[in-house]
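Colleague: For the sequence shown, the numbering used here gives the first residue as 4, with consecutive numbering after it.
For glycine and all other residues, C-beta sits at the position ideal for the given N, C-alpha and C.
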Amino acid sequence: MHPYMPLSPCGPHCLDGDEPTVGRARVVLRLAAAVGVVLGAFLVLPFLALIGRRGRELAAKLIFRGLLGAFGVRLTVTGDLPRSDGRGVLVVTNHISWLDVAALNAVRPMRAMAKTDLRSWPVLGTLIARAGTVFLDRESLRALPGAVDELARVLCDGSMIYVCPEGTTWCGKGMGRFRPALFQSALDAGVPVRPVAVRYHLASGRETPAPAFIGTETILESMMRVARLRGLHVELRVCAEIAPGRADDRRSLAALTEAAMNTALGLRVTIPAPRTVWTSSAVESARLAGDHHSG
4 MHPYMPLSPC GPHCLDGDEP TVGRARVVLR LAAAVGVVLG AFLVLPFLAL IGRRGRELAA
64 KLIFRGLLGA FGVRLTVTGD LPRSDGRGVL VVTNHISWLD VAALNAVRPM RAMAKTDLRS
124 WPVLGTLIAR AGTVFLDRES LRALPGAVDE LARVLCDGSM IYVCPEGTTW CGKGMGRFRP
184 ALFQSALDAG VPVRPVAVRY HLASGRETPA PAFIGTETIL ESMMRVARLR GLHVELRVCA
244 EIAPGRADDR RSLAALTEAA MNTALGLRVT IPAPRTVWTS SAVESARLAG DHHSG
């Protein structure tokens, strides 16, 4: 990881480790069901082009709801996340877990921005790419202006697309600062921003960091921890749209969105990121990225 990219202080030390769990047999059944959902989605993928947009949306909802159900995760939604109906919308979420994307698409299927290494995931990588994902190389700051331009093009075409401007996952006990660069796409396209806050809790109502995909753990390790949990709930809190014109620049727009998110999550304290260390090449790349979107 280059030193100028966002880093999360979260890791195994953030986990509570005392959540209620299910037995081994239930874990095996959950993992088998999840594999079945993913393979089923892969098999039906070629046929999705033969049905209309509403049909594809319904199929995607069923797939992602099936994935949540396979892991025993219950979904609750506060607020309404309407269809874009031909109007581009930049949907912004805080980033905790690989379950975030399943929860959001179980409510309203949409395109996403993701890091490039997701393309290499077996089966899932193909599904993610075929879903119209815009990929960003987080190891290269020089790739950022092109990714922002691609986001703006997608938004101008009338698509909903969601991004996680923290730049990495956090444990859920706090939230990272929203990097402003991706918000430039909404300004360039003249579209609204829709914040959606994500939180995870147990059946008792107690928030839990257990679903977080943090530190150096693998996706399989995180999935195994989720498969063992009993009574996991994921909650989406849909905030009011931030209309075009509410902010003059991307930094102001990022600040408005971050404030809305913190309010939805109960005025959580934003955890400051570690001090950024800049190399000479990073400074030059940042200058070029800033010049690309100046004015």
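Please determine, among D160, V151, Y203, the residue with the shortest C-alpha to C-alpha distance to P183.
Modeller: Among D160, V151, Y203, the Cα nearest to that of P183 is on V151.
Colleague: Name the DSSP bridge partner or partners of A200?
Modeller: Answer is R240, bridged to A200.
Colleague: Please identify the residue among V25, G135, G91, L232 whose C-alpha is closest to the C-alpha of T119.
Modeller: Of the candidates V25, G135, G91, L232, the one whose C-alpha sits nearest the C-alpha of T119 is G135.
Colleague: Touch check for the region 72–91 and the region 105–115: three-plus C-beta pairs under 8 Å?
Modeller: Contact holds: three or more Cβ-Cβ distances are below 8 Å.
Colleague: Report the residue from S188, L154, L65, N97 whose alpha carbon sits nearest the alpha carbon of A37.
Modeller: It is L65 whose Cα lies nearest to the Cα of A37.
Colleague: For P12 and R253, what's the separation of their Cα atoms in angstroms?
Modeller: Taking the straight line joining both Cα atoms gives about 25 Å.
Colleague: What are the boundary residues of the alpha helix (DSSP H) that includes A258?
Modeller: Run containing A258: 253–267, per the alpha helix (DSSP H) assignment.
Colleague: Rounded to the nearest angstrom, what separates D191 and T96 at their Cα positions?
Modeller: Their backbone Cα atoms lie some 20 Å apart in a straight line.
Colleague: Using alpha carbons as the reference points, say which of A189, C167, G89 lies closest to F181.
Modeller: When only C-alpha atoms are compared, the closest one is C167.
Colleague: Distance check for L34 and Y203, CA to CA, integer angstroms please.
Modeller: Answer to the nearest angstrom: the Cα atoms are 20 Å apart.
Colleague: Should A155 and S188 be called a contact, given that it needs their Cβ atoms to be closer than 8 Å?
Modeller: For A155 and S188, yes; Cβs fall inside 8 Å.
Colleague: Look at the alpha carbon of A263 and the alpha carbon of C242, and state the distance between them as a whole number of angstroms.
Modeller: Cα-Cα distance, rounded: 7 Å.
Colleague: Should P85 be labelled buried (16 or more other beta-carbon atoms within 10 Å of its own) or exposed?
Modeller: Its Cβ having fewer than 16 others within 10 Å, P85 is exposed.
Colleague: Straight-line CA distance for P3 to V47?
Modeller: What the structure shows of the chain is the stretch from 4 to 298, and residue 3 is not part of that stretch, so it cannot be assessed.
Colleague: According to the Cβ coordinates, are V137 and M163 closer than 8 Å?
Modeller: Contact: no.
Colleague: Using three-state DSSP, classify A36 as helix, strand or coil.
Modeller: DSSP places A36 in helix when its eight states are reduced to three.
Colleague: Between which two residues does the alpha helix (DSSP H) holding I222 run?
Modeller: First-last of the alpha helix (DSSP H) with I222: 222–231.
Colleague: Could you tell me the boundaries of the alpha helix (DSSP H) in which K64 lies?
Modeller: 56–73 is the extent of the alpha helix (DSSP H) around K64.
Colleague: For E244, which residues in the same chain have their Cβ closer than 8 Å to its Cβ, ignoring the five residues on either side in sequence?
Modeller: Here the set comprises V92, P195, V196, R197.
Colleague: Going by C-alpha to C-alpha distance, which of A267, A28, A62 sits closest to G43?
Modeller: The residue with the shortest Cα to Cα distance from G43 is A62.
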